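What follows is a short report on a single structure.
Residue numbers (the working numbering): 308 to 566.
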């Protein structure tokens with residue numbers, strides 16, 4: 308695989324694009340900024356130097372990416388939420404500070420979504436996996452919750468983004484801020500957005516299972532309450548860890564490895 312093919316594969320992992328790279332020419336500047344932010348906040352799942360190289364290649368137009376002229380926005384927010392969010396944010400460039408915060412939030416969403424996909428792929432490779440027992444690992448749960456998180460990045464009012472700062476910290480810290488936010492009285496729409504973000508990060512980072520009361524025993528909350536043990540069997544848990552390690556090696560070996 309040549310260097311451009313590796314970078315394109317990494318781009319696909321980040322953007323999760325619609326076939327045909329819908330409006331790639333339009334979203335390119337914001338995509339570059341988002342990748343640069345991802346390179347700063349990313350954890351060991353990514354190679355930050357490869358992300359920086361991808362951003363540079365996109366900025367210089369070194370990747371041959373052309374959108375199909377007949378494509379339209381319709382449906383993209385449900386099927387390709389990250390791609391759709393970037394496209395929507397291109398129409399919000401009058402508010403520079405607010406846009407910068409939204410792109411930073413989107414970078415955290417991209418990071419968490421990658422961790423979630425890694426877990427889903429690991430589970431699907433396990434012969435005895437039953438998605439009804441692990442609702443968090445259902446593809447439909449992933450896509451619906453990711454769509455909600457990307458909607459927050461697009462719609463949350465700029466003055467409410469301050470409750471999520473600072474953004475230049477690990478994604479787990481952003482999750483904790485969302486989790487610890489407390490509304491007084493009935494929640495308004497902006498507070499509901501924070502709840503939606505908390506749910507996304509909780510599922511993506513495996514802090515909680517949908518409707519099963521699952522809680523990571525190592526989390527701050529678990530230290531103050533009775534611990535609820537992981538519902539994975541030991542074999543599934545071991546498989547997930549091995550799969551994650553393999554995924555990181557693959558990224559380092561191919562699309563994410565510095566070229």
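C-beta: ideal position from N, C-alpha, C; glycine also. These numbers were taken from a predicted model, which means no experiment stands behind them.
For the segment 431 to 489, the full-length alpha helix (DSSP H) segments reaching 4 residues or more read 446 to 462 and 478 to 487 along the chain. Sorting 455, 482 and 311 by C-alpha distance to the C-alpha of residue 384 places 455 at the top.
Pairing residue 387 with residue 490, the inter-Cα distance amounts to about 31 Å.
For residue 395, the uninterrupted alpha helix (DSSP H) run begins and ends at 388 to 396, by DSSP. Under a 10 Å Cβ-count criterion, residue 447 is classified as exposed, with fewer than 16 other Cβ atoms of the shown protein chains found around its own Cβ. In this structure, the CA atom of residue 357 is about 46 Å from the CA atom of residue 492. Of 380, 403, 361 and 337, the smallest CA-CA separation from residue 465 is found for 403. Within the model, the alpha-carbon separation for residue 317 versus residue 496 is close to 35 Å. At the C-beta level, residue 471 and residue 462 stay beyond 8 Å of one another. Judged by pairs of C-beta atoms under 8 Å, the segment 410 to 429 touches the segment 496 to 516, as three or more such pairs exist. With respect to the C-alpha of residue 411, the residue from 312, 333, 498 and 468 having the closest C-alpha is 468.
C-alpha of residue 436 to C-alpha of residue 332: approximately 41 Å in a straight line.
Residue 323 carries a coil assignment under DSSP once its states are collapsed to helix, strand and coil. Taking residue 314 as reference, the option from 374, 334, 339 and 325 with the minimal CA-CA separation is 339. For the pair residue 407 and residue 324, the Cα-to-Cα distance works out to about 21 Å. Under the criterion of beta carbons closer than 8 Å, residue 348 and residue 390 do not qualify as touching, at roughly 20 Å. Distance from the CA of residue 372 to the CA of residue 445, rounded to the nearest whole angstrom, comes to 31 Å.
Nearest in C-alpha terms to residue 344, of all of 401, 452, 474 and 327, is 474. 8 Å or more divides the Cβ of residue 449 from the Cβ of residue 417. With fewer than 16 neighbouring CB atoms inside 10 Å of its own CB, residue 326 falls in the exposed class.
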